[in-house]
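Trainee: Got a structure for you, questions after.
Residue numbers (my numbering): 5 to 110.
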């Protein structure tokens, strides 16, 4: 498995309950600031196998990128984690997770 893929998987696994990260934020932290689309592909192909909290990954506008039933499921899962939506948008200042938050605790 590529280093970038491994990093992406580890980052996504660390997103805590009630928090979100953007595709771009994950890509940047995994070492490729231009790899947001790669993050989306990794999520699509490996979420089930790796048991990823895929629903905690959103776009840079604070919105769910998935359409249809999956988008509805994702929104429902985030609401169940007390993430609030206003006009179908998440307040990134309030709900974004930053890896430094984990580092500071140790």
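Ideal Cβ placement from N, Cα and C applies to all residues, glycine included.
Please identify the residue among 38, 6, 62, 37 whose C-alpha is closest to the C-alpha of residue 16.
Mentor: Residue 16 sits at position 12 when you count from the first residue of the chain shown. For residue 16, the nearest C-alpha among the options comes from 62.
Trainee: Count the other C-beta atoms from every protein chain shown that fall within 10 angstroms of the C-beta of residue 101, then say buried if there are 16 or more, exposed otherwise.
Mentor: By one-based count along the chain shown, residue 101 stands at place 97. It counts as buried.
Trainee: Which stretch, first to last residue, makes up the alpha helix (DSSP H) that contains residue 86?
Mentor: Residue 86 sits at position 82 when you count from the first residue of the chain shown. That residue, residue 86, is in no alpha helix (DSSP H); it is neither H nor E in DSSP.
Trainee: Measuring only the C-alpha atoms, how far is residue 26 from residue 5?
Mentor: For the purposes of this step, residue 26 is identified with residue 22 of the chain shown, where counting begins at 1. For the purposes of this step, residue 5 is identified with residue 1 of the chain shown, where counting begins at 1. In a straight line, the C-alpha of residue 26 is about 22 angstroms away from that of residue 5.
Trainee: Three or more beta-carbon pairs under 8 angstroms between the stretch 34-42 and the stretch 67-80, yes or no?
Mentor: Judged by Cβ distances under 8 angstroms, the stretch 34-42 makes no contact with the stretch 67-80, as fewer than three pairs qualify.
Trainee: Using the C-alpha atoms, what's the distance from residue 59 back to residue 78?
Mentor: On the chain shown, residue 78 is found 74 positions in, with the first residue counted as 1. On the chain shown, residue 59 is found 55 positions in, with the first residue counted as 1. C-alpha separation (whole angstroms): 5 angstroms.
Trainee: Per DSSP, what kind of secondary structure is residue 51 in: helix, strand or coil?
Mentor: Numbered from its first residue, the chain shown carries residue 51 at position 47. In the displayed model, residue 51 falls within a helix according to three-state DSSP.
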